[in-house]
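Per my numbering, the sequence shown runs over residues 117 to 237.
In this text, a Cβ means the ideal position worked out from N, Cα and C, and glycines have one as well.
All remarks here apply to the structure that follows.
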Amino acid sequence: MPEIPQWASEALSGVYDPCCREKGISVVEMGLVRSVEVDDGRARVELLLTSGWCPFAARVLTEVRERIEEQPGISEAEVEVVWDEVWTTDRLSPRAARMLRFLPAPAQVPDKAAYIGRELR
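This is the structure:
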């Protein structure tokens with residue numbers, strides 16, 4: 117995963133995918149920011165989406181662009197969704213992964229076959 121410049125990470129730490137806003141998980145912690153490059157004051161940001169059907173994508177793209185354009189030395193920002201890489205949960209920050217864990221870790225799940233066997237006795 118490419119490194120995101122610290123200034124960009126800080127700028128985008130207050131941008132939330134609406135589905136994670138109530139949990140306080142930013143697009144940075146979600147791993148949605150793939151890259152940020154700057155050339156002569158023009159920034160190019162690549163984002164991944166958790167789903168190609170995200171109804172909030174336009175809002176997130178706009179907010180990312182606005183936050184990047186507010187940064188010193190940036191005159192313009194282009195934000196693009198990339199489709200050549202699929203977002204996966206391994207992109208989550210450790211904090212986001214802990215907060216979004218809905219099921220127990222696989223090692224914590226009892227052996228289903230053994231459980232079913234006990235129930236049948």
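{"query": "Those residues which DSSP pairs with V154 across a bridge", "result": "A159"}
{"query": "DSSP bridge partner residues for V198 (one or two, in chain order)", "result": "None; V198 has no bridge partner."}
{"query": "Cut-off 6 Å between Cβ atoms - residues of its own chain near R160, not counting five sequence neighbours on either side", "result": "E153, E194"}
{"query": "Rounded separation between E192 and E179 - CA only", "result": "13 Å"}
{"query": "Alpha carbon of E119 to alpha carbon of S151, nearest angstrom", "result": "7 Å"}
{"query": "Which residues DSSP lists as bridging A193, in chain order", "result": "A159"}
{"query": "Three-state class that DSSP yields for V131 in the structure shown", "result": "coil"}
{"query": "Whether V176 touches D133 by CB criterion (8 Å)", "result": "yes"}
{"query": "Contacts around R158, its chain only, beta-carbon distance under 6 Å, and the 5 residues preceding and following it disregarded", "result": "E192"}
{"query": "Same chain only: Cβ atoms within 7 Å of C136, ignoring 5 sequence neighbours per side", "result": "M146"}
{"query": "Cross-strand partners of S209 (DSSP beta bridge)", "result": "S209 pairs with nothing; no bridge assigned."}
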